[in-house]
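>
Number of protein chains: 2
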Amino acid sequence: MIKFKIIHQHERMRVGVVKTKHGKFKTPVFIPVATLACVRALDKRDLDEMSAEVILANTYHLFLRPGDELIKKLGGLHKFMSYDKPIVTDSGGFQAFSLGYGMEHGVGKIADNIFLEGLKIEEIGKQREKWAKIDDEGITFKNHIDGGIVRLTPKKSMEIQSNLGSDIIFALDECTSPLSDKEYTAKALERTHKWADECLKYYDRKQALFGVVQGGEYKDLRIKSAKFMAEREFAGFGIGGSLGKSKQDMLNIIDWVVPILPEEKPRHLLGIGAVEDLFNCIERGIDMFDCVAPTRWARRGHLYVSPAEGGNIKNKFRIHIQNSRFREDENPIDKECDCFVCENYSRAYLRHLYVSNELTYFRLASYHNVYFILKLVERIRNAIKEGSFFELKKEWLGYV
Amino acid sequence: MIKFKIIHQHERMRVGVVKTKHGKFKTPVFIPVATLACVRALDKRDLDEMSAEVILANTYHLFLRPGDELIKKLGGLHKFMSYDKPIVTDSGGFQAFSLGYGMEHGVGKIADNIFLEGLKIEEIGKQREKWAKIDDEGITFKNHIDGGIVRLTPKKSMEIQSNLGSDIIFALDECTSPLSDKEYTAKALERTHKWADECLKYYDRKQALFGVVQGGEYKDLRIKSAKFMAEREFAGFGIGGSLGKSKQDMLNIIDWVVPILPEEKPRHLLGIGAVEDLFNCIERGIDMFDCVAPTRWARRGHLYVSPAEGGNIKNKFRIHIQNSRFREDENPIDKECDCFVCENYSRAYLRHLYVSNELTYFRLASYHNVYFILKLVERIRNAIKEGSFFELKKEWLGYV
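Chains A and B are the protein sequences, given in the same order. According to our numbering, the first sequence is numbered sequentially starting from 1. According to our numbering, the second sequence is numbered sequentially starting from 1001.
Put into structure tokens, the structure is as follows:
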């Protein structure tokens, strides 16, 4: 189990500490994602050095590879991956979306990537066959490794997460598509609620179970779901996708849900971690974030920069290192960053490694991006304590 | 320039120190290869931590990408790659082979990888068109990046290496194929000798120029070449390929050449670094080695193990981590290894990362393999000093 202590509060923002049997982490927190028991391109010393206090691994992926039974046999996830700090695992429900309707609809958790106006759901995406199908009892996956069929149920998700031995686990939910209509979303919500109760029945009492609030972009469904979860004995709460069709939709959802959730339990906004979102969601009372963005963008050449280097909402606080303007640039990625990469390497060198597809590039880029987001959240945390959150937000986003 | 001091000698074996303006390195030495100004999958802190004292970068590759002019403009190779220890660069001559006859013949520096008996050169390889063609004045390459034509001459090689600003440089040579006949090899040798004199004329006096002994597997040519080089004002000597058709051919070549080379200058066996070869060549008076083997084998799943873990000549002191017998193996790669990977991670975990194609695998595997070879050479160095070289050799190779 875990203990959550709020040490400072300002409006809806909270600064706190979550204690687990593998140590504690401060909130608000950004949790790097270690999909396959490994934060991509990084190792445990990197994570310690950048003061990462907790990571999140993916239940579905580890279930397939190397298998939760093997991990249990080898002493659990902490021992297997040689990481002795807190570990969070998700439920596998997100993959029901990303390999299901997300694949079919060609969208992410927020459907702001395509032009939607005037289009019917039937007209969008549909080029790709779903790899995950959902029914009232669970999810059937076509395994993306060998094409075999695997089945995930609430009970099974609890068993896998128990085998993994993570500190914080999530109840299996159906993460709906931003393009699902209200009727479907309401039906999915019933399923998520039923599954939440099953997870409460079956989960390993040595772990801390979080329930996930669903309901898509629909206010009444979100409120219903938040009330449902709030009434139950969860150690904390996830807010899951769909998060609507715009960033404003996402913020509205948080505004509906957060006031209903118990103050004394942590709130995790699943799968979100862009710079702008961190500010706006922490402001609205979110305590925990996880996102693959820092490592994924790093691999694609996008490196985070602060406002001092021209980072802003429009460029998403990123430069693309392949740009020829960096060819002779002897500056670090970000002059304000004190990570080991910025202290040692120039943009010109990183550009050379990137265009040459050197393995070292992936490590250095991932290191900087994860470090950058961790330090930003640390600054936000301190700003809340010092009463300067809105100054910091203005400095970064240009608005309050 | 450099200074070479022999501090201990036993039979033909020597223990020494090479001093450069970027610090010193102990010999015998294994030099990790940083082809494109980066030891693949590793960074500068890794190299420092594993006590690498010198690295070798490839002139031809850096000439193409990012270009020696750019590196010069950015302050030279040391500054560009943020490495302040000694750097060696090769001449580009090896690529005349690997992209030339090596490609056409389908062989490496030692042609022990194919069945040769009874075959004529014309019958071997020939499936692949050469990307490098050689004439008396230089080498014409088809650039493997964009297909453009580039030209390397002795003078140009000196200019590029001067722009790079490496501490030790090599004269441009023709690295012949093990399948070249004596007539061709003799002709190539004349070219190499003429080019050596041109390099002596044009090289940057701030750098230490090594001449390269060629002559293939032919005793009289090797002796002729060794005498030619020995008479000239080189700071040290490379022994280049072809090294014949077997490991015994390679050792014979060393036995012919080494006694002719001046005692007081270092000898570098180019491109060789297998465990067995390190023992046998150091025994014969070789001081310096460079090889991509540790990093290349690491990327392909082959990890070095000591005799205590069953490493031997037959398995080339390697395990293949993909093997299903490592699936549940909680041991480190090598119990006798004290590298950070062996101290933290199990074979089971590394196998999982390898089969999942995780980027972190490449780093951890490369780290272990380079560390392993560096520590082995350190042990050999100490054994020579302590008079226990042959005991160590027996322990590892099973013979003296």
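The beta carbon of each residue, even a glycine, is placed where N, CA and C say it ideally should be. It should be emphasised that the depicted structure is a prediction, and the values quoted were computed from it without experimental measurement.
(1) Compare the C-beta of Cys1339/B with all C-beta atoms of chain A and state if any pair is closer than 8 Å.
(2) Between which two residues does the alpha helix (DSSP H) holding Pro294/A run?
(3) Which residues in chain B have a C-beta closer than 7 Å to the C-beta of Glu358/A? List them in chain order.
(4) According to the Cβ coordinates, are Ala96/A and Ala132/A closer than 8 Å?
(5) For chain D, is any of its Cβ atoms less than 8 Å away from the one on His22/A?
(6) Please state if the CB of Arg1318/B and the CB of Leu1303/B are separated by a distance shorter than 8 Å.
(7) Among Ala1308/B, Gly1147/B, Asp1197/B, which one has its Cα closest to the Cα of Ser1157/B?
(8) Determine the extent of the alpha helix (DSSP H) in which Val355/A is found, giving its start and end residues.
(9) Quick one: residues in its chain with C-beta nearer than 7 Å to the C-beta of Ile26/A, no 5 flanking neighbours on either side, listed in chain order?
(10) Do Arg1351/B and Arg1327/B have their C-beta atoms within less than 8 Å of each other?
(11) Can you give the Cα-Cα distance for Leu1172/B and Pro1154/B, rounded to whole angstroms?
(12) Taking Cβ to Cβ, would you say Gly1216/B is nearer than 8 Å to Thr1176/B?
(13) Who are the neighbours of Lys1335/B on chain A, taking C-beta pairs under 8 Å?
(14) With H, G and I counted as helix, E and B as strand and the rest as coil, what does DSSP make of Lys73/A?
(15) Using 8 Å for Cβ pairs, my map puts Arg205/A next to Val213/A. What's the rounded Cβ distance?
(16) Three or more C-beta pairs closer than 8 Å, one from the segment 381-392 of chain A and one from the segment 1079-1098 of chain B: is that the case here?
(17) Against chain B, with Cβ distances strictly below 8 Å, would Phe362/A count as a contact?
(18) Can you tell me where the alpha helix (DSSP H) with Phe1228/B in it begins and where it stops?
(19) Taking beta-carbon pairs under 7 Å, can you tell me which members of the segment 1060-1079 of chain B lie near chain A?
(20) Apply the 10 Å Cβ neighbour rule to Pro28/A and answer buried if 16 or more other Cβ atoms are within range, or exposed otherwise.
(21) Can you find the residues in the same chain that come closer than 7 Å, C-beta to C-beta, to Asp1329/B, ignoring five residues on each side of it along the sequence?
(22) I'd like the span of the beta strand (DSSP E) that includes Ile1168/B, first residue to last.
(23) Using three-state DSSP, classify Met103/A as helix, strand or coil.
(24) Can we say the segment 1275-1294 of chain B touches the segment 1180-1194 of chain B, given the rule of at least three CB pairs closer than 8 Å?
(25) Is it the case that the Cβ atoms of Ser1225/B and Tyr1101/B are separated by a distance below 8 Å?
(26) By DSSP, does Gln1095/B sit in helix, in strand, or in coil?
(27) I believe Arg363/A touches Arg1363/B by the beta-carbon criterion, under 8 Å. Please report the beta-carbon distance rounded to the nearest angstrom.
(28) What does Pro32/A pair with, by DSSP beta-bridge criteria?
(29) Taking Cβ positions, are Phe1004/B and Pro1266/B nearer each other than 8 Å?
(30) Which chain B residues sit within Cβ distance under 9 Å of Asn344/A?
(31) Just the Cα atoms here: how many angstroms apart are Lys394/A and Glu309/A?
(32) Which of helix, strand or coil does DSSP assign to Gln1009/B?
(33) Quick one: list the residues of chain B neighbouring Glu330/A, beta-carbon separation under 7 Å, in chain order.
(34) Compare the C-beta of Ala1348/B with all C-beta atoms of chain A and state if any pair is closer than 8 Å.
(35) In chain B, what lies closer than 9 Å to Leu303/A by C-beta?
(36) Return the CA-CA distance between Asp1167/B and Lys1247/B, expressed in angstroms with no decimal places.
Reading it off the structure:
(1) Working through the second sequence from its first residue, we reach residue 1339/B at position 339. Answer no: the Cβ-Cβ gap between Cys1339/B and chain A never drops below 8 Å.
(2) Your numbering for residue 294/A matches position 294 in the first sequence. Element bounds for Pro294/A: 293-299.
(3) To locate residue 358/A, count along the first sequence from 1; it is residue 358. Within chain B, the residues whose beta carbon sits less than 7 Å from that of Glu358/A are Leu1036, Cys1038, Arg1040, listed in sequence order.
(4) Walking along the first sequence from the start, residue 96/A turns up at place 96. Walking along the first sequence from the start, residue 132/A turns up at place 132. Taking 8 Å as the Cβ cut-off, Ala96/A and Ala132/A qualify as a contacting pair.
(5) Considering every chain present, this structure includes no chain D. Its protein chains are A and B.
(6) For the purposes of this step, residue 1303/B is identified with residue 303 of the second sequence, where counting begins at 1. For the purposes of this step, residue 1318/B is identified with residue 318 of the second sequence, where counting begins at 1. Contact: yes.
(7) Translated into positions along the second sequence, residue 1157/B becomes position 157. Residue Asp1197/B is the option with its Cα nearest to Ser1157/B.
(8) Locating residue 355/A in the first sequence gives position 355, where the first residue counts as 1. Here the alpha helix (DSSP H) through Val355/A covers 347-355.
(9) On the first sequence, residue 26/A is found 26 positions in, with the first residue counted as 1. Here residue 26/A is Lys; the residue named in the question, Ile, does not match the sequence. In the same chain as Lys26/A, and ignoring 5 residues on each side of it, the C-beta atoms closer than 7 Å to its own belong to Val17, Glu53, Arg381, in chain order.
(10) For this step, residue 1351/B is matched to residue 351 along the second sequence. For this step, residue 1327/B is matched to residue 327 along the second sequence. Cβ distance < 8 Å, so Arg1351/B and Arg1327/B count as in contact.
(11) For the purposes of this step, residue 1172/B is identified with residue 172 of the second sequence, where counting begins at 1. For the purposes of this step, residue 1154/B is identified with residue 154 of the second sequence, where counting begins at 1. Rounded to whole angstroms, Leu1172/B to Pro1154/B spans 5 Å at the Cα level.
(12) For this step, residue 1216/B is matched to residue 216 along the second sequence. For this step, residue 1176/B is matched to residue 176 along the second sequence. Result yes, Cβ atoms of Gly1216/B and Thr1176/B sit closer than 8 Å.
(13) As a working note, residue 1335/B is residue 335 in the second sequence. Per Cβ cutoff of 8 Å: no residues; Lys1335/B is ~16 Å from chain A at best.
(14) The residue you call residue 73/A lines up with position 73 of the first sequence. Reduced to three states, the DSSP call for Lys73/A is helix.
(15) The residue given as residue 205/A occupies position 205 in the first sequence. The residue given as residue 213/A occupies position 213 in the first sequence. Their Cβ separation, rounded to whole angstroms, is 23 Å, which puts Arg205/A and Val213/A out of contact at 8 Å.
(16) The segment 381-392 of chain A is not in contact with the segment 1079-1098 of chain B.
(17) By one-based count along the first sequence, residue 362/A stands at place 362. So yes, Phe362/A belongs to the interface.
(18) The count along the second sequence starts at 1 and reaches residue 1228/B at position 228. From DSSP, the alpha helix (DSSP H) with Phe1228/B extends over 1219-1230.
(19) Arg1065, Pro1066, Leu1070, Lys1073, Leu1074
(20) The residue you call residue 28/A lines up with position 28 of the first sequence. Buried, since its Cβ has 16 or more Cβ neighbours within 10 Å.
(21) As a first step, residue 1329/B must be located in the second sequence, where it is residue number 329. Contacts found: Ser1346, Arg1347, Ala1348.
(22) In the second sequence, residue 1168/B corresponds to position 168, counting from 1. Element bounds for Ile1168/B: 1168-1170.
(23) In the first sequence, the residue the question calls residue 103/A occupies position 103. Assigned with DSSP and collapsed to three states, Met103/A falls in helix.
(24) no
(25) Start at 1 with the first residue of the second sequence, and residue 1225/B comes out as number 225. Start at 1 with the first residue of the second sequence, and residue 1101/B comes out as number 101. No.
(26) The residue labelled residue 1095/B in the question sits at position 95 within the second sequence. Helix at Gln1095/B.
(27) Position 363 of the first sequence, counting from 1, holds the residue named residue 363/A. Position 363 of the second sequence, counting from 1, holds the residue named residue 1363/B. Between Arg1363/B and Arg363/A the Cβ distance is about 6 Å, and since that is below 8 Å, they are a contact.
(28) Position 32 of the first sequence, counting from 1, holds the residue named residue 32/A. BP columns for Pro32/A point to Cys291/A.
(29) On the second sequence, position 4 is the one that residue 1004/B refers to. On the second sequence, position 266 is the one that residue 1266/B refers to. Contact flag set, yes.
(30) As a working mapping, residue 344/A is identified with position 344 in the first sequence. Correct list: Asp1043, Lys1044, Arg1045, Ser1082.
(31) As a first step, residue 394/A must be located in the first sequence, where it is residue number 394. As a first step, residue 309/A must be located in the first sequence, where it is residue number 309. Using only the alpha carbons, I get a separation of about 16 Å.
(32) On the second sequence, residue 1009/B is found 9 positions in, with the first residue counted as 1. Secondary structure of Gln1009/B (DSSP, three-state): strand.
(33) Along the first sequence, one-based indexing puts residue 330/A at 330. Simply Leu1074.
(34) Along the second sequence, read from residue 1 onward, the residue named residue 1348/B stands at position 348. Cβ-Cβ to chain A under 8 Å: yes for Ala1348/B.
(35) Here residue 303/A is taken as the residue at index 303 of the first sequence, counted from 1. Here the premise fails: no neighbours, minimum Cβ distance about 16 Å.
(36) The residue labelled residue 1167/B in the question sits at position 167 within the second sequence. The residue labelled residue 1247/B in the question sits at position 247 within the second sequence. One C-alpha to the other measures close to 30 Å.
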